[in-house]
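**Q** According to the working numbering, the sequence shown is numbered sequentially starting from 222.
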Amino acid sequence: MEVCIAGTGSYVPERILTNEELAAKVDTSDEWIVTRTGIKERRIAADDEFTSHMASKAAIKALEQAGMKAEDIELIVVATITPDTPTPATACHVQQQLGAMKAVAFDISAACSGFLYAMKICKRLISDGAFNNALIIGAEKLSSVTNWEDRSTCVLFGDGAGAAVLRRAEPGEGSIVATEMGTDGNLTHLLEIPGGGSACPITAQNVDQHLHTLNMQGREVFKIAVTRMKEAAEKVIERAGWHPADIACVIPHQANLRIIDAIADRLAVPNERVFVNLHKYGNTSAAAVAIALDEANRTGAFKRGDHIVLVVFGAGLTWAAAAIRW
Numbered sequence: 222m223e224v225c226i227a228g229t230g231s232y233v234p235e236r237i238l239t240n241e242e243l244a245a246k247v248d249t250s251d252e253w254i255v256t257r258t259g260i261k262e263r264r265i266a267a268d269d270e271f272t273s274h275m276a277s278k279a280a281i282k283a284l285e286q287a288g289m290k291a292e293d294i295e296l297i298v299v300a301t302i303t304p305d306t307p308t309p310a311t312a313c314h315v316q317q318q319l320g321a322m323k324a325v326a327f328d329i330s331a332a333c334s335g336f337l338y339a340m341k342i343c344k345r346l347i348s349d350g351a352f353n354n355a356l357i358i359g360a361e362k363l364s365s366v367t368n369w370e371d372r373s374t375c376v377l378f379g380d381g382a383g384a385a386v387l388r389r390a391e392p393g394e395g396s397i398v399a400t401e402m403g404t405d406g407n408l409t410h411l412l413e414i415p416g417g418g419s420a421c422p423i424t425a426q427n428v429d430q431h432l433h434t435l436n437m438q439g440r441e442v443f444k445i446a447v448t449r450m451k452e453a454a455e456k457v458i459e460r461a462g463w464h465p466a467d468i469a470c471v472i473p474h475q476a477n478l479r480i481i482d483a484i485a486d487r488l489a490v491p492n493e494r495v496f497v498n499l500h501k502y503g504n505t506s507a508a509a510v511a512i513a514l515d516e517a518n519r520t521g522a523f524k525r526g527d528h529i530v531l532v533v534f535g536a537g538l539t540w541a542a543a544a545i546r547w
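Take a look at the structure:
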């Protein structure tokens, strides 16, 4: 059974945090940030704006585009590393906010790869006949786990949410043609939030040491990200029976412009066919590829029948890709 993307949606908070504002707080500059990352600004959620709120706003837009109502949705999966609370799942809050009371709801945690993990899981569940449709959401409030005194990481991250409605495809519609996922748990230490779990519960001392915030070994992550993203993208392209020339749009994880350029080069896809919005939002983890997919969809970066490739990489270390006939 074929599964298609019936609608996409995204939401970013109103507040814009510029590089110049960060330069007034830590030892950095607009030139330093742009040269090394490609990021010019990012969005920051209000104190009373939670991950579930952003997720629900993105979901409403996706449902509208899909021509569906919240009560029609049978499954909600939220990918996030910044849930509203450790329990219950953020997806449960989203279910309540949308009024999607028929839906089964749960979260997954796969960092920046989460949205495509959710896509593969829900594609399989729909294909197997367990559900007729699903709402998948990548949503993050990374500002809540960012060390704003660390210039190497505070310049990278932002807040936001992206969503997509999956359903059984009708004859002649597009479909999710191929997916790929991978994990290397030997490298968990390269990108992590050490505190907050059972291994390192939150204490005043741990907070003082910023163990509740994101820690990253950027150089090592860069090298592995390029390799794994290339491999994952090549696998789904091969399984789909495509060639690089067939691809209308590549939407990579929006983490670093150097990584994006390296992926485009290794896949032999011209830069003009690679969608980038990193400069506006920074790295929004699980939300990044979902927001980019929605913006690319709504701005005409591809059209019905086009071949597109999504590819991501994140903590775990995790990676994933999807080949989609739109």
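Glycine residues also receive a C-beta, built at the ideal position from the N, C-alpha and C atoms.
Whole angstroms are fine: how far does the CA of E370 sit from the CA of L499?
**A** 22 Å
**Q** Only counting the same chain, and skipping five residues up and downstream in sequence, which positions put a Cβ closer than 7 Å to that of A266?
**A** Non-local beta-carbon contacts of A266 in its own chain, meaning distances under 7 Å to residues more than five positions away in sequence, involve P234, M275, K362, S364 and D380 in chain order.
**Q** So N436 and P415 are supposed to be a Cβ contact under 8 Å. How far apart are they, rounded?
**A** Rounded to the nearest angstrom, the Cβ distance from N436 to P415 is 6 Å, consistent with a contact under 8 Å.
**Q** Spatial neighbours of A326 within its chain, please: CB distance less than 6 Å, with the 5 preceding and 5 following residues excluded, ordered by chain position.
**A** Only I297, A312, C313 and Q316 meet the Cβ criterion.
**Q** How would you label G462, buried or exposed, when you count the other beta carbons within 10 angstroms and need 16 or more for buried?
**A** So G462 ends up on the exposed side.
**Q** What does I297 pair with, by DSSP beta-bridge criteria?
**A** A326 and L356
**Q** Identify the continuous beta strand (DSSP E) that holds I237 and give its terminal residues.
**A** R236 to T239
**Q** Comparing alpha-carbon positions, which option in A310, E270 and V497 lies nearest K261?
**A** Among A310, E270 and V497, the Cα nearest to that of K261 belongs to V497.
**Q** Can you tell me where the beta strand (DSSP E) holding V224 begins and where it ends?
**A** V224 to Y232
**Q** I'd like the list of long-range same chain contacts for G383, defined as Cβ closer than 6 Å, with 5 residues on each side in sequence excluded.
**A** For G383, where only same-chain residues beyond five positions count, the Cβ hits under 6 Å are S231, A279, G359, A508, A511, I512 and D515.
**Q** Let's test the definition: count the other Cβ atoms within 10 Å of the Cβ of S273 and tell me whether it reaches 16, buried, or not, exposed.
**A** buried
**Q** What are the boundary residues of the alpha helix (DSSP H) that G210 is part of?
**A** Residue 210 lies beyond the stretch modelled for the chain, which goes from 222 to 547, so this question has no answer here.
**Q** Could you check if A483 is buried or exposed, using at least 16 other CB atoms within 10 Å of its CB as the buried criterion?
**A** buried
**Q** Classify T239 as buried or exposed, calling it buried when 16 or more other Cβ atoms lie within 10 Å of its own Cβ.
**A** exposed
**Q** Kindly indicate which residue of Q430, I481, N504 and E292 has the alpha-carbon position closest to the one of L319.
**A** Taking the Cα of L319 as reference, the smallest distance to any Cα among Q430, I481, N504 and E292 is reached at E292.
**Q** Taking the C-alpha atoms as reference points, what is the distance between T256 and M222?
**A** 46 Å
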